[in-house]
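Here is the structure we will look at.
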Amino acid sequence: MAKPIELEVNGKRYSVQCDPESPLLYALRDELNLTGTKYGCGEGQCGACTVLIGGVPRRSCQISVSAAGSKPITTIEGLEQDGHLHPVQQAFLEAGAFQCAYCTSGMIMSSVGLLSANPHPTPEEIVQFLQGNICRCGTYPRVIVAVQQAARTILENGRG
Amino acid sequence: MSDTSVKFVPEPERYEFSAGPMHHFALARRDFFKFLGAGIAVFAVAKNSLAKQETAPTHGFHQEELPKDITAWLHIGEDGTVTAFTGKVEIGQNIRTSLAQTVADELRVPFESVRMVTADTALTPFDFGTVGSRSMPTMSPQLRRAAAAARDLLAGAAAREWNVPVEGLAAVDGKITDPATGRSLRYAELARDKTLAQNLPAEDPVTPPNEWTVAGKPIPKKDGRTFVTGKHQYTPDLRRPGQMYGKVLRPPSFGATLTSCDAKAAEAMGGVVIVRDGDFIGAAASNERDASKALEAIHTEWKEVPQISRKELFSYLKQNATAKSDDRSRRIKGSVEDGLTAAAHRLDATYTVAFIAHAPLEPRAAVAEWSDGKLTVWTGSQRPFAVRDELADVFHVAEANVRVIVPDTGSAYGGKHTGDAALEAARLARAARRPVQVVWTREEEFTWAYFRPAGVIEIKSGIAADGALTAWEFHNYNSGMSAIETPYTVLNQHIEFHPTQCPLRSGSYRGLAATANFFARESLMDELASAAQLDPLEFRLKNLSDARLRAVLEAAAKSFGWPRKKTQGGQGFGIAGGFEKGGYVATCAEVVVDRSSGAVRVVRITTAFECGAIVNPDGLRNQVIGANIQGLGGALFEAVEFENGRITNSRFSRYRVPRFRDVPDVEAILLDRKDLPSAGAGETPIMGVAPAVGNAIFDAAGIRLRGLPLVPNGLPTVKT
């Protein structure tokens, strides 16, 4: 039977009762009710389930709860602070960088990870980094615009 | 627990739907105001049903049940909040925003004060489905007329209040004002303590596009913030109290029938509900993993039937065409034989299109909850009322006891017309006596959903020495009739659709068969231009009288710089155009072919699109660019692989869809025709991509590709 696993998600500590080898995605969605992180493929190919683990974007469908547990986890729900959107969220909103928006959580989390590693990416670097995130509606050009805008905002205001 | 009383077989569907029957609507007037509070309500009635209603009371609302043919309604509450109701579904095409703009515009209120209630069979009027690019051309005018009628009601209320004639009063910024005295009353004040309801007059005049103030503007997506914060709940994100998670045991191949099933071990597991019902076997548990484990513990045997594989597909489609002719699927003008005899050049060619998958990122999903014999289902579907009827039929309950709610959905592209997941969740929930959620895996999505039909298209054609078309014979096997007719002027035509037995479950896909028919027609037009030694654009314009199509071709060509000079080796340019569903499209493409590797890269796409008066230019641009990028997948590399009843590339790692690296420089030229009614834009912009790219590859490499996808593995013939 499953024994409790300690997780730190969005700055809060949780004790999660689940199979330690099950994917982190299901612990987030089903145990912690953090449903902003989406299931899209279950094989790490679409990026819809992207979260930050120790600040690095990871596919939560491909990493087990036990493997994820040692580092702080950030999900889309953890980006907003005191009612203020993260610059990447704000830029997606302003660029209208979504249609159905099912991919948006994963796109935003990957982009936040990109900008913390590379605060001023070229369009080619954005394409390279986000290649693993699928948008079936084809909103890719606006995502690139949004990431560039967010990079400018973060450089100006210092939050990333 | 086992339950075996109901058998269901989800029916496959093909092609577009014809109009369905109207249905009773359960919400009575007293419930309507109970739900929304007091205020003013206007009900839009379908035009063709108004005649029938002439004998019924038309002013005021004296009957308890609402009429059957209401298509939309609108409520203005005592706090001034405007709520508009439509059975349409938001699937990323942005109707929640564009329809709210329409209402705000006509009612003269700020955009922010309009709330849209969509796709809830208990609250919204019957709707056939969010299909065929119909939301804008049908729903937008209906809501507009409802809003205009509501304005009249408010003005009437103000006139009575002030005891003045209604004629002099004006509606401005959420108020009725009297220019003679300068006094005004807010809508909220006028709606207070009233339960005033009116059926919509037949032809209330509405605001023409050149006087729009809220419509026509690039207003950002309504509720955009809930999407960037992850707060919007798609169907898979819903969590009902006591909810269980369901899984369905799938047969090993299409058409397999169950011969034995031993579920004892699974049934012995704690906390698991097993359902065996005909060939349906499913499990529900407190989490997906336990439900899956239970299914793994069930031992089944199946009788499989031999089936055709992809390599035999096109010969199979031709051999299995329906022999009997049907006037509805054939158009004949003049004599193709005479036209071919008179031709200076003749060209015959055969084109093929593969099955492709919609692969919406939100897989099919549903949550079902039974309570006192009533069923509520949340599901991502384009046809909530059809799903309601399907559920009522399968479970033998009255339609009034089934409620289907569609949360704004993670896209569909024509792929979510059926209620498969809804039926499965409802079946499991009935046995479990608790709410059950079913979310398909990606593999299920790729295998058990339906596909864009494959097809074979054969064309015979002829042109005169000056390049004028003399004959056009066009046969489409299986893929469908959308845009099957040629927009070009040809006196001698024979155009025919041949339905055939189809080896895979097929259905609507963004643009339906128009993408296939555009591909074949516009590819052959390019070959004919070459035979006539004319520029491809010049050749099209020479054979074209339709002014709207000429306009988009010329607009795309102008922005693209057609005709362009090649500036590097392997470069090529292509053009294609056409019209469908009230929208006119032309696409220019630039490709670069690497002759040593055979790699083809689309570097630039320019698409001009015209769909009448534009309601939201930002949303429209997003749709047009997105459709072009999605269309590149089907044009270049998407194809469903199948062998003997099994899909062999049912994962994103094996089924390639467009990603960031595949995206060219895409430009959308939007022609705003304020003198024409707004048509839909979800489908037609995708149609020119494949032929434009195919034509550009020919221009670059001299190789004519006549099958979609064009280059799943590059251009093999120029590989070194």
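Heads up: the protein sequence lines correspond to chains V and U, in order.
Sequential numbering from 5 applies to the first sequence in our numbering.
Sequential numbering from 134 applies to the second sequence in our numbering.
Even for Gly, the Cβ is constructed at its ideal location relative to N, Cα and C.
Under 9 Å between C-beta atoms of Ile130(V) and Phe793(U): On the first sequence, residue 130(V) is found 126 positions in, with the first residue counted as 1. On the second sequence, residue 793(U) is found 660 positions in, with the first residue counted as 1. The answer is yes: Cβ separation under 9 Å.
Candidates Phe102(V), Val13(V) and Asn161(V), of which the one nearest Gly543(U) by Cα: For the purposes of this step, residue 543(U) is taken as the residue at position 410 of the second sequence. Comparing Cα-Cα distances from Gly543(U) to each of Phe102(V), Val13(V) and Asn161(V), the minimum goes to Phe102(V).
Integer-rounded CB distance, given that Thr368(U) should sit under 8 Å from Ala498(U): On the second sequence, position 365 is the one that residue 498(U) refers to. On the second sequence, position 235 is the one that residue 368(U) refers to. Confirmed, about 4 Å.
Helix, strand or coil at Pro8(V) [DSSP, three-state]: Walking along the first sequence from the start, residue 8(V) turns up at place 4. Strand.
Straight-line Cα distance separating Asn37(V) from Asn534(U): Start at 1 with the first residue of the second sequence, and residue 534(U) comes out as number 401. Start at 1 with the first residue of the first sequence, and residue 37(V) comes out as number 33. C-alpha separation (whole angstroms): 30 Å.
DSSP-derived helix/strand/coil call for Leu561(U): Locating residue 561(U) in the second sequence gives position 428, where the first residue counts as 1. Helix.
Partners in chain V for Asn420(U), counting only beta-carbon separations shorter than 8 Å: Reading the second sequence from its first residue, position 287 is the one you call residue 420(U). Per Cβ cutoff of 8 Å: Cys22, Tyr30 and Asp34.
Spatial distance of Lys355(U) from Arg754(U) (CA atoms): Working through the second sequence from its first residue, we reach residue 355(U) at position 222. Working through the second sequence from its first residue, we reach residue 754(U) at position 621. Distance between the alpha carbons of Lys355(U) and Arg754(U): 16 Å.
Simplified DSSP assignment, three categories, for Gly472(U): Numbered from 1 along the second sequence, position 339 holds the residue referred to as residue 472(U). Note: Gly472(U) maps to helix in three-state DSSP.
Contacting positions in the segment 91 to 116 of chain V - beta carbon closer than 7 Å to chain U: Gln93, Phe96, Leu97, Gly100, Phe102, Gln103, Cys104, Ala105, Tyr106, Cys107, Thr108, Ser109 and Ile112
Val361(U) versus Gln93(V): straight-line alpha-carbon distance, rounded: As a working note, residue 361(U) is residue 228 in the second sequence. As a working note, residue 93(V) is residue 89 in the first sequence. Taking the straight line from one Cα to the other gives about 6 Å.
Inter-stretch contact at 8 Å, needing at least 3 Cβ pairs: the segment 133 to 144 of chain V / the segment 40 to 60 of chain V: yes
Residue span of the alpha helix (DSSP H) that contains Glu629(U), given as start and end: The residue labelled residue 629(U) in the question sits at position 496 within the second sequence. No alpha helix (DSSP H) holds Glu629(U); the beta strand (DSSP E) holding it covers Gln626 to His631.
Spatial distance of Glu523(U) from Asp212(U) (CA atoms): For the purposes of this step, residue 523(U) is identified with residue 390 of the second sequence, where counting begins at 1. For the purposes of this step, residue 212(U) is identified with residue 79 of the second sequence, where counting begins at 1. Taking the straight line from one Cα to the other gives about 38 Å.
Check whether Ala825(U) and Cys721(U) have beta carbons under 9 Å apart: On the second sequence, residue 825(U) is found 692 positions in, with the first residue counted as 1. On the second sequence, residue 721(U) is found 588 positions in, with the first residue counted as 1. Against a cut-off of 9 Å, the Cβ pair of Cys721(U) and Ala825(U) comes out as a contact.
8 Å Cβ cut-off: residues of chain V touching Val799(U): Within the second sequence, the letter at position 666 stands for residue 799(U). Correct list: Pro145.
Interface flag, Gly73(V) vs chain U, CB-CB below 9 Å: As a working note, residue 73(V) is residue 69 in the first sequence. Output row for Gly73(V): interface = no.
Among Pro24(V), Gly87(V) and Tyr106(V), nearest to His365(U) - alpha-carbon criterion: As a position in the second sequence, residue 365(U) is number 232, starting the count at 1. That would be Tyr106(V), whose Cα lies nearest to the Cα of His365(U).
Chain-ordered residues of the segment 40 to 63 of chain V with a beta carbon less than 9 Å from chain U: Gly40, Thr41, Lys42, Tyr43, Gly44, Cys45, Gly46, Glu47, Gly48, Gln49, Cys50 and Ala52
Short Cβ contact (9 Å threshold) for Ser811(U) with Ala746(U): If you number the second sequence from 1, residue 811(U) lands on position 678. If you number the second sequence from 1, residue 746(U) lands on position 613. Their beta carbons are under 9 Å apart, which means Ser811(U) touches Ala746(U) by this criterion.
Range covered by the beta strand (DSSP E) that runs through Met133(V): As a working mapping, residue 133(V) is identified with position 129 in the first sequence. According to the sequence shown, residue 133(V) is Phe rather than Met. No beta strand (DSSP E) holds Phe133(V); the alpha helix (DSSP H) holding it covers Pro127 to Leu134.
Cα-Cα separation between Gly449(U) and Gly388(U), rounded to whole angstroms: Along the second sequence, read from residue 1 onward, the residue named residue 449(U) stands at position 316. Along the second sequence, read from residue 1 onward, the residue named residue 388(U) stands at position 255. For clarity, residue 449(U) is Tyr in the given sequence; the question names Gly instead. About 18 Å.
Burial state of Gln570(U), where buried means 16 or more other Cβ atoms lie within 10 Å: Taking the second sequence and counting its residues from 1, the one referred to as residue 570(U) is at position 437. So Gln570(U) counts as buried.
Outcome for Gly40(V) when other beta-carbon atoms lying within 10 angstroms are tallied against a minimum of 16: Residue numbering aside, residue 40(V) sits at position 36 when the first sequence is read from its first letter. Classification for Gly40(V): buried.
For Leu508(U), the three-state DSSP class (helix, strand or coil): In the second sequence, the residue the question calls residue 508(U) occupies position 375. If DSSP states are grouped into helix, strand and coil, Leu508(U) belongs with the strands.
Buried or exposed (CB count within 10 angstroms, at least 16 for buried), Asp459(U): Within the second sequence, numbered from 1, the residue matching residue 459(U) stands at position 326. So Asp459(U) ends up on the exposed side.
Chain V within 9 Å of His550(U), Cβ atoms only: On the second sequence, position 417 is the one that residue 550(U) refers to. Not closer than 9 Å to any Cβ of chain V, the Cβ of His550(U) fails to qualify, so no.
Buried versus exposed, by CB contacts within 10 Å (16 or more), Tyr144(V): To locate residue 144(V), count along the first sequence from 1; it is residue 140. With 16 or more other Cβ atoms within 10 Å, it is buried.
Alpha-carbon to alpha-carbon, Ala492(U) and Lys75(V): Here residue 75(V) is taken as the residue at index 71 of the first sequence, counted from 1. Here residue 492(U) is taken as the residue at index 359 of the second sequence, counted from 1. Near 33 Å, if we compare the C-alpha coordinates of Ala492(U) and Lys75(V).
Where Ala189(U) falls: helix, strand or coil (DSSP): Working through the second sequence from its first residue, we reach residue 189(U) at position 56. Residue placement at Ala189(U) cannot be trusted, given a pLDDT of 32 that sits under 50; what the coordinates show is reported in the next sentence. Ala189(U): coil per DSSP, three-state reduction.
Val69(V) in three-state terms, based on DSSP: Walking along the first sequence from the start, residue 69(V) turns up at place 65. Here Val69(V) sits in helix by DSSP.
DSSP state of Thr54(V) mapped onto helix, strand, coil: Along the first sequence, read from residue 1 onward, the residue named residue 54(V) stands at position 50. Reduced to three states, the DSSP call for Thr54(V) is strand.
C-beta contact flag for Val175(U) and Thr219(U) at 9 Å: Along the second sequence, read from residue 1 onward, the residue named residue 175(U) stands at position 42. Along the second sequence, read from residue 1 onward, the residue named residue 219(U) stands at position 86. Against a cut-off of 9 Å, the Cβ pair of Thr219(U) and Val175(U) comes out as no contact.
Alpha helix (DSSP H) runs wholly inside the segment 654 to 714 of chain U, at least 4 long, in chain order: 669 to 675 and 680 to 693
Among Gln376(U), Pro384(U) and Val339(U), nearest to Glu429(U) - alpha-carbon criterion: The residue you call residue 429(U) lines up with position 296 of the second sequence. Looking at the Cα atoms, Pro384(U) is the closest of the given residues.
Neighbour flag for Ser26(V) against chain U, beta carbons, 9 Å: Counting from 1 along the first sequence, the entry for residue 26(V) is found at position 22. Yes, Ser26(V) lies at the interface with chain U (some Cβ there is under 9 Å from its Cβ).
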